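**Student:** Input: one structure, supplied below.
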Amino acid sequence: MILKFHPEEQENTGKIGLLIVVAGMVGSVVCGIVLDRFHEYKFFMTGYLPIGFEFAAELTFPIAEGTASGLLNASAQIFGILLTMGVGFIIQYVSVFACNLTLTGFLVVGTFLTGQLCCFAE
């Protein structure tokens, strides 16, 4: 997305990517410390992943827990690959703005589906 507007800045784009990754690693540690201190678990999404795996194991109870976890991981990887290829295509042939709208749409759909999980718990 950055190279679309600054085509000759490959090195700086790489540095920005590195900064994002390092900030995410530091942020994970800081968020863990904040959670331990203030116990405001509903504010952070870090605990969402293991809860999702446990919920999937409960929904697919007769099936082994490892199978449900494996399918969740595999589907996340496949979706990530397809999404990366898809947004790359959108950036190349449509626009960066359309790419951002697509990603926002996926986030809205994911938020809606997460809100619907209460129906499966009963």
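Just so you know, numbering that gives the first Met the number 0 puts 40 at position 41 of the sequence shown, and the rest follows in order with no gaps.
For glycine and all other residues, C-beta sits at the position ideal for the given N, C-alpha and C.
No experiment lies behind these values; they were computed from the predicted model shown.
1) I'd like to know whether the C-beta atoms of THR103 and ILE89 end up nearer to each other than 8 angstroms.
2) According to the neighbour-count rule (16 or more other Cβ atoms, all chains shown, within 10 Å of its Cβ), is ALA73 buried or exposed?
3) What is the DSSP secondary structure of VAL28, reduced to helix, strand or coil?
4) With ALA56 and ALA67 assumed to form a contact (beta carbons below 8 angstroms), what rounded beta-carbon distance in angstroms separates them?
5) Got a sec? Which residues, its chain only, sit under 6 angstroms from CYS98 by beta carbon, not counting five neighbours each side?
6) Is DSSP giving PRO61 helix, strand or coil here?
7) Tell whether a beta-carbon distance below 8 angstroms holds between LEU71 and PHE52.
8) Helix, strand or coil for GLY21, going by three-state DSSP, please let me know.
**Tutor:** Inspection of the coordinates gives the following:
1) no
2) exposed
3) helix
4) Your pair ALA56 and ALA67 checks out as a contact, with CB atoms roughly 5 angstroms apart and the cut at 8 angstroms.
5) VAL86, ILE89, ILE90
6) coil
7) yes
8) The sequence given here has Val at residue 21, not Gly. It is helical.
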